[in-house]
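All residue numbers for the sequence shown refer to my numbering, where the first residue is 25 and numbers rise by one. What follows is a set of notes on a single structure, which appears directly below.
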Amino acid sequence: MIKTSINMKSLQKTKKPSWLKTKIKSGNNFNELKSLVKVGNLNTVCEEALCPNIFDCWERRSATLMILGDVCTRSCGFCNVKTGKPNWNDSDEPNRTALAVQQMGLKHCVITSVNRDELPDGGSGVWASTVKQIRQLNPNCTIEVLIPDMKNENGPLKKIFRSRPDILGHNMETVKRLYSIVRPQAKYEWSLNVLSKSKSFGLKTKTAFMLGIGETAEEVFLLMEDIAKTGCDIVAIGQYLQPSKIHSPVDRYVHPEEFEIYRKAGMKMGFSWVESGPLVRSSYHADEQAIKGMKN
25 MIKTSINMKS
35 LQKTKKPSWL
45 KTKIKSGNNF
55 NELKSLVKVG
65 NLNTVCEEAL
75 CPNIFDCWER
85 RSATLMILGD
95 VCTRSCGFCN
105 VKTGKPNWND
115 SDEPNRTALA
125 VQQMGLKHCV
135 ITSVNRDELP
145 DGGSGVWAST
155 VKQIRQLNPN
165 CTIEVLIPDM
175 KNENGPLKKI
185 FRSRPDILGH
195 NMETVKRLYS
205 IVRPQAKYEW
215 SLNVLSKSKS
225 FGLKTKTAFM
235 LGIGETAEEV
245 FLLMEDIAKT
255 GCDIVAIGQY
265 LQPSKIHSPV
275 DRYVHPEEFE
285 IYRKAGMKMG
295 FSWVESGPLV
305 RSSYHADEQA
315 IKGMKN
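Now the structure itself:
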């Protein structure tokens, strides 16, 4: 276990610090992507999750498309995506998603989804079809997927793995102790198993987790060590931001220097790449993360 001497004074909760402020700037690329998403009747996690990087990413022509609708069957304490009973099923969505990737001119695309626990296959069939159609229509585009845990069921997971995305992402989100609080319908071991199983298929893997939601430094290092044991390639670490008053409160605003401590520790653990900073999200500058992570 890595020991740390992080100054806990920097962990006190204050008003949102300057390093978390982003510029609201919408140019031609932002407006074009917004139009493509609307016309294609598609969803993006950028909008649904109120991502602070949406203006920067969309202006860079980078968006994370969200499949299987916009209603999630789970209710996580940190997530702004709508929760409830989905009544949405769209057989044309994989085709529209592939077309949107083409129209956006993406060289690296990121696809994610809501949880669809009510479906027998968890939505894995739609996942596999989406990857296949993106590949057919965009042969020069690398594909990164950010998938749910599929309740750790082998059948649905293997269906997605066999579609051969370039990067298989599944987020740990937080430390083990906080799962029952902020991820009550998930299990820490399930998420670790998703990463381990995907490596057994020879896939490049990626995960992400948040800081500032109640964890301790010791728990963060334990989480990183557990992730390293799965053989995971890329790790993204960012600051938790409360989407609304009904969501889990921010416990602390983590100083950029602490993020750098975790980045260096992760590289020493053997990860191909660690992206760590207050505004980092799993899909933030994902194209750059992919290049760095896939080179090593």
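From the three backbone atoms N, C-alpha and C, an ideal C-beta is built for every residue, glycine too. These figures come from a predicted structure and were not determined experimentally.
Backbone CA spacing between residue i and residue j [nearest angstrom]
i, j, result
"Val298", "Arg305", "12 Å"
"Lys361", "Leu247", "This structure gives no information on residue 361, because the portion of the chain shown stretches from 25 to 320."
"Gly236", "Glu282", "11 Å"
"Asn178", "Ser148", "11 Å"
"Arg120", "Arg98", "25 Å"
"Lys253", "Phe102", "26 Å"
"Gly294", "Glu243", "19 Å"
"Glu105", "His132", "Residue 105 is actually Val in this sequence, not Glu. One C-alpha to the other measures close to 24 Å."
"Asp275", "Tyr264", "9 Å"
"Pro163", "Lys40", "43 Å"
"Asp114", "Arg207", "27 Å"
"Val278", "Lys292", "21 Å"
"Lys211", "Met90", "22 Å"
"Thr107", "Asp141", "12 Å"
"Gln157", "Met174", "21 Å"
"Asp116", "Ser187", "18 Å"
"Tyr286", "Val199", "14 Å"
Endpoints, beta strand (DSSP E) assigned at residue i
i, result
"Ile91", "Thr88 to Ile91"
"Thr166", "Thr166 to Leu170"
"Gly193", "Ile191 to Gly193"
"Ile135", "His132 to Ser137"
"Ile258", "Ile258 to Gln263"
Coil, strand or helix - residue i by DSSP
i, result
"Trp112", "coil"
"Met234", "strand"
"Val304", "coil"
"Gly226", "coil"
"Ala289", "helix"
"Val199", "coil"
"Lys221", "helix"
"Ala73", "Here Ala73 scores only 49 on pLDDT, less than 50, and its place in the model is too uncertain to base an answer on."
"Lys175", "helix"
"Glu299", "strand"
"Lys40", "coil"
Where the alpha helix (DSSP H) containing residue i begins and where it ends
i, result
"Trp151", "Ser148 to Leu161"
"Thr121", "Glu117 to Met128"
"Ile251", "Ala241 to Lys253"
"Val206", "Tyr203 to Val206"
"Pro180", "Asn178 to Phe185"
Within 9 Å, strictly: CB atoms of residue i and residue j
i, j, result
"Lys223", "Ile258", "no"
"Pro172", "Asn139", "yes"
"Glu168", "Pro144", "no"
"Leu170", "Ser137", "yes"
"Phe185", "Phe233", "no"
"Pro302", "Pro280", "yes"
"Glu284", "Ser300", "yes"
"Val150", "Pro118", "yes"
"Cys100", "Glu239", "no"
"Leu123", "Cys165", "no"
"Lys183", "Ala152", "yes"
6 Å Cβ shell around residue i - same chain, five flanking residues per side excluded
i, result
"Cys256", "Leu219, Thr229 and Thr231"
"Ser307", "Thr88 and Val134"
"Leu227", "Leu192"
"Asn176", "Trp214 and Asn217"
"Leu202", "Gly238"
"Lys45", "none"
"Gln126", "Leu161 and Asn162"
Own chain residues within Cβ distance below 8 Å of residue i, not counting five before or after
i, result
"Pro273", "Gln266"
Cutoff 7 Å; reference residue i; Cβ partners in own chain excluding five residues on either side
i, result
"Trp43", "Pro280 and Pro302"
"Asp250", "Leu216"
"Lys221", "Leu181"
"Leu92", "Ser137, Val138, Arg140, Gly147 and Val150"
Within-9 Å CB hit, residue i to chain C
i, result
"Ser296", "Among the chains of the structure shown, chain C does not appear; only one protein chain is present."
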